[in-house]
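Visitor: Under the working numbering, think of the first position of the sequence shown as 1, with each following residue one higher.
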Amino acid sequence: MTRIDRRAALRLGSAALAASAFGLRTPRAATAPVLVELFTSQGCNTCPPMDAYLGELARRADVVALSLHVDYWNALGWVDPFSSPEMTRRQRAYARALGASTIYTPQMVVDGRGHSHRREDIERMIEAAAARSKLALALADDAARGATLSLPASAVRNAAVWLALFDARHTTEIKRGENGGRTLAYFNVVRAMRRAADWDGTARAIALDVREDDRRNRAGYAVIVQEGEAGPVLGAALRRFEPRSSS
């Protein structure tokens, strides 16, 4: 049974995780973006500051920032319209991979290597992650021809390629629950996570399942390549759809 424990992060020692999970290395001339995933809920009254911080990260070119709304707060007075079981499953997968004893909100996971609920920890993790070598992800996207990800040869033998479709921004008037009476903004809200492919490290091009209704209804997508199901992130990229004309 899921425990909703905002104090769990204190017991997990976020700062220690940040220090041990990331080894600083010499930065490359061109830095690949760092993936930051925020697990959040409209029913959690300690989440709004991190939701706002995620909005700041979403404006940075060096970060792929995604907001994933979990569903285990929904029984406590307010059903989050952006929540889904698949986001909770992804958070649980990270908990297993990172050796965490529980899941909690707000939780930011940085490049699949460390997590925290504190802004200062996240900034340190982003800085450390930016210094790590990453895969060069080549994205080709055309509404007529579809989307393709090209991957170079790598020593990795067991990786997953994920496609995360997101909405750019939502503002919600919350009427009940811990945040009842507040109007809150959310950024890069993930509405679907699709496993695009498994990858064994051979150079290849992967057709991404970006559909016509995705282009109509979503703001864009992120591509995530990571070891195993929820291991260290090998590379991430973000693409926003071109605005459609109103004519």
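No residue lacks a Cβ here, since even glycine has one placed at the ideal position from N, Cα and C.
Could you give the residue range of the beta strand (DSSP E) that holds A160?
Guide: If you number the sequence shown from 1, residue 160 lands on position 160. A160 -> beta strand (DSSP E) spans 159–174.
Visitor: What does the Cβ neighbour count give for E242, buried or exposed, with the cut at 16 atoms within 10 Å?
Guide: To locate residue 242, count along the sequence shown from 1; it is residue 242. Counting Cβ neighbours within 10 Å, E242 comes out exposed, since fewer than 16 surround it.
Visitor: For A185, which residues does DSSP report across the bridge?
Guide: For the purposes of this step, residue 185 is taken as the residue at position 185 of the sequence shown. Beta-bridge analysis with DSSP links A185 to T171.
Visitor: Pick out the complete beta strand (DSSP E) segments inside the stretch 86–157, 3 residues or longer, and give them in chain order.
Guide: Segments of the beta strand (DSSP E) lying fully in the stretch 86–157: 107–110, 114–116, 138–142, 146–151.
Visitor: So what's L76 in DSSP terms, helix, strand or just coil?
Guide: In the sequence shown, the residue the question calls residue 76 occupies position 76. L76 falls in the coil class under three-state DSSP.
Visitor: In this structure, how does DSSP classify N231 when only helix, strand and coil are distinguished?
Guide: Locating residue 231 in the sequence shown gives position 231, counting from the first residue. Here the sequence assigns Gly to residue 231, which means Asn is not the residue at that position. If DSSP states are grouped into helix, strand and coil, G231 belongs with coil.
Visitor: Measure the CB-CB distance between G146 and A236 and report whether it falls below 8 Å.
Guide: In the sequence shown, residue 146 corresponds to position 146, counting from 1. In the sequence shown, residue 236 corresponds to position 236, counting from 1. The answer is no: Cβ separation not under 8 Å.
Visitor: Go ahead and pull the three-state DSSP assignment for R25.
Guide: The residue labelled residue 25 in the question sits at position 25 within the sequence shown. Reliability of the predicted coordinates at R25 is poor, the pLDDT of 34 falling under 50, and no value is obtained from them.
Visitor: Compare the Cα-Cα distances from D240 to each of A100, T172, F166 and report the closest residue.
Guide: As a position in the sequence shown, residue 240 is number 240, starting the count at 1. Reading off the sequence shown, one finds Arg at residue 240, where the question assumed Asp. It is F166.
Visitor: Starting from G52, follow the alpha helix (DSSP H) in both directions and report where the run begins and ends.
Guide: Here residue 52 refers to the residue found at position 52 of the sequence shown. Sequence inspection shows Ala at residue 52; the Gly mentioned does not correspond to that position. Per DSSP, A52 belongs to the alpha helix (DSSP H) from 48–58.
Visitor: The alpha helix (DSSP H) spanning R204 covers which residue range?
Guide: Residue mapping note: residue 204 aligns to position 204 of the sequence shown, counting from 1. That residue, R204, is in no alpha helix (DSSP H); its beta strand (DSSP E) goes 204–208.
Visitor: I'd like the span of the alpha helix (DSSP H) that includes E212, first residue to last.
Guide: For the purposes of this step, residue 212 is taken as the residue at position 212 of the sequence shown. Its alpha helix (DSSP H) spans residues 212–217.
Visitor: Three or more C-beta pairs under 8 Å: does that hold for the stretch 34–51 against the stretch 59–72?
Guide: yes
Visitor: Kindly list the residues whose CB is nearer than 7 Å to the CB of A196, restricted to its own chain and excluding five residues on each side of it in sequence; keep chain order.
Guide: Translated into the one-based positions of the sequence shown, residue 196 becomes position 196. Once the five neighbours on either side are set aside, the close Cβ partners of A196 are V161, W162, L163, I206, L208, D209.
Visitor: Excluding the 5 residues flanking E86 on each side, which residues of the same chain have their C-beta closer than 6 Å to its C-beta?
Guide: Stepping through the sequence shown from its first residue, residue 86 is reached at position 86. The residues are M193.
Visitor: Output the distance between the C-alpha atoms of R6 and A100, rounded to the nearest integer angstrom.
Guide: Within the sequence shown, numbered from 1, the residue matching residue 6 stands at position 6. Within the sequence shown, numbered from 1, the residue matching residue 100 stands at position 100. A caution first: R6 carries a pLDDT of 48, below 50, which makes its placement in the model too unreliable to give a value.
Visitor: Assuming T31 is part of the beta strand (DSSP E), what are its boundary residues?
Guide: Locating residue 31 in the sequence shown gives position 31, counting from the first residue. First-last for T31: undefined, no H or E at that position.
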